[in-house]
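Accompanying notes for the structure given below.
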Amino acid sequence: MKSNSHEIYADYFNQRQEDFRNKLICDASQVRDKIDEIHRVGNIDLLENAHKLVMYALGENDSLASFAEKEGVVWAQHDLTLSFKLEWVQSIRRTMWRFLEEFHEENKDKKVNLFKLERQVNDAIDQFLNGFFLSYSRYKDALLASQRELVENLSAPIIPLSDSVCVLPLIGEVDEDRVETIEGKTLPEIKKLQIETLIIDFSGIAQIDTTSMNRIMKTINGTYMMGCECIITGLRPQIVRTLIKEDLQFDPKVITKGTLEQTVNDFFFAK
195 MKSNSHEIYA DYFNQRQEDF RNKLICDASQ VRDKIDEIHR VGNIDLLENA
245 HKLVMYALGE NDSLASFAEK EGVVWAQHDL TLSFKLEWVQ SIRRTMWRFL
295 EEFHEENKDK KVNLFKLERQ VNDAIDQFLN GFFLSYSRYK DALLASQREL
345 VENLSAPIIP LSDSVCVLPL IGEVDEDRVE TIEGKTLPEI KKLQIETLII
395 DFSGIAQIDT TSMNRIMKTI NGTYMMGCEC IITGLRPQIV RTLIKEDLQF
445 DPKVITKGTL EQTVNDFFFA K
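Residues 195 to 465 (this note's numbering) are what the sequence shown spells out, left to right.
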């Protein structure tokens with residue numbers, strides 16, 4: 195049930211909603227020029243949401259947490275600036291208190307516990323901000339985790355050619371971080387996909403240092419421990435020279451072929 199004081203305050207703000215919006219826009223100097231842009235980008239009605247927050251702050255409402263969570267997600271989805279949001283909410287708080295002050299000047303005969311009202315309003319707005327920032331942060335963290343997983347998959351994409359044959363094309367620069375991703379993905383994927391033959395193509399590698407190459411060679415040797423045959427294709431002359439210079443050798447079981455195309459043809463088209 196809404197308290198009688200809540201209804202009185204709600205009616206006051208509803209009757210002066212247009213005046214409140216105008217005063218709020220004047221107060222939020224850094225945000226007012228962005229109101230239309232934010233509405234266009236994220237379909238977010240800042241003025242309507244400001245009125246909702248005022249109504250929540252004037253009386254207990256279980257929907258405040260849900261409102262804050264939704265606001266945080268939408269703000270994060272459209273990558274809107276947090277400083278704008280913080281200034282906007284603080285402007286709502288300041289403007290709201292100016293209107294409450296005017297209300298009590300106009301209604302001096304009404305006895306109101308201002309300390310209780312102050313706690314209620316400020317606590318509600320603080321709860322909104324906390325919920326908003328937590329929701330925003332959770333969404334961003336989940337997005338970063340998803341992007342990190344995508345980058346890792348693109349860094350070591352194991353592509354099935356058949357039920358038992360897969361190819362791992364290595365592209366770009368291979369450094370220690372990239373090798374760690376390759377190590378962390380290759381052996382589990384061999385087990386998961388039940389790969390019998392893994393073709394690792396080096397033709398797209400732009401650069402690789404000796405340490406990283408040595409770790410890749412150990413990973414290749416590990417594929418045999420998993421019962422998976424490994425075929426190396428596309429070794430470029432500079433990589434071969436590095437192997438010779440550093441006296442690095444593949445396990446004798448490792449098969450090397452000139453190109454990925456040749457290897458695929460041998461597997462699927464050779465008579």
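Even for Gly, the Cβ is constructed at its ideal location relative to N, Cα and C. Only a predicted model underlies this, so the values are computations on that prediction, with no experimental measurement involved.
Quick one, which of THR405, TYR250, LYS334 has its alpha-carbon nearest ASN274's?
-> The question names Asn, yet the displayed sequence has Leu at residue 274. The shortest Cα separation from LEU274 among THR405, TYR250, LYS334 belongs to LYS334.
Evaluate TYR418 with the Cβ neighbour count: other Cβ atoms within 10 Å of its Cβ, from every protein chain shown; 16 or more gives buried, anything less gives exposed.
-> exposed
Among the residues of its own chain, which have a CB less than 6 Å from the CB of ILE389, if the five just before and after it don't count?
-> CYS360, CYS422
Between the stretch 268-284 and the stretch 308-326, do three or more beta carbon pairs fall short of 8 Å?
-> yes
Mapping DSSP to helix, strand and coil, what is GLU423?
-> strand
In three-state DSSP terms, what is GLN401?
-> strand
Buried versus exposed call for ASP213 [16 or more other C-beta atoms within 10 Å across all chains shown] = exposed
With THR450 and ILE426 assumed to form a contact (beta carbons below 8 Å), what rounded beta-carbon distance in angstroms separates them?
-> 5 Å
Please determine, among LYS228, VAL248, ASP371, the residue with the shortest C-alpha to C-alpha distance to LEU276.
-> LYS228
Do the stretch 216-223 and the stretch 287-297 touch if we need at least three Cβ pairs shorter than 8 Å?
-> yes
Unbroken beta strand (DSSP E) run spanning ILE365, endpoints = 359-368
Going by the CB atoms, is the gap between ARG409 and VAL373 shorter than 8 Å?
-> yes
Same chain only: Cβ atoms within 8 Å of SER358, ignoring 5 sequence neighbours per side = GLN388, ILE389, GLU390, THR391
Tell me whether the beta-carbon of ILE150 lies closer than 8 Å to the beta-carbon of ILE433.
-> The chain is shown only over 195 to 465; residue 150 falls outside these bounds and no answer can be derived.
Straight-line Cα distance separating ARG210 from HIS298 | 15 Å
Residues that DSSP places opposite ILE393 in a beta bridge | VAL361, ILE425
Can you give the Cα-Cα distance for HIS272 and GLU201, rounded to whole angstroms?
-> 35 Å
According to DSSP, is ILE449 helix, strand or coil?
-> strand
Residue nearest to VAL235 in terms of C-alpha spacing, selected from LEU247, TRP269, HIS245 = TRP269
Whole runs of the alpha helix (DSSP H) within the stretch 196-243, excluding any shorter than 4 residues | 198-209, 211-221, 229-236
Which class does LYS465 belong to by DSSP, given the choice of helix, strand or coil?
-> Here the model assigns LYS465 a pLDDT of 47, short of 50, so the residue's position is not dependable and the matter cannot be decided.
Are the C-beta atoms of PRO446 and some chain C residue less than 8 Å apart?
-> In the structure shown, chain C does not exist; there is a single protein chain.
Of the residues VAL267, GLU440, GLU377, LEU294, which one's Cα is nearest the Cα of LEU362?
-> GLU377
If you count every other CB in all the chains shown that lies within 10 Å of the CB of GLY452, and 16 or more means buried, which is it?
-> exposed
Out of curiosity, what's the CA-to-CA distance linking LYS465 and VAL458?
-> Residue placement at LYS465 is poorly supported in this model, since its pLDDT is 47, which falls under 50; the coordinates are not used for a value here.
Pick helix, strand or coil for ILE353, following the three-state DSSP scheme.
-> strand
Can the beta-carbon of LEU381 be found less than 8 Å from the beta-carbon of MET420?
-> yes
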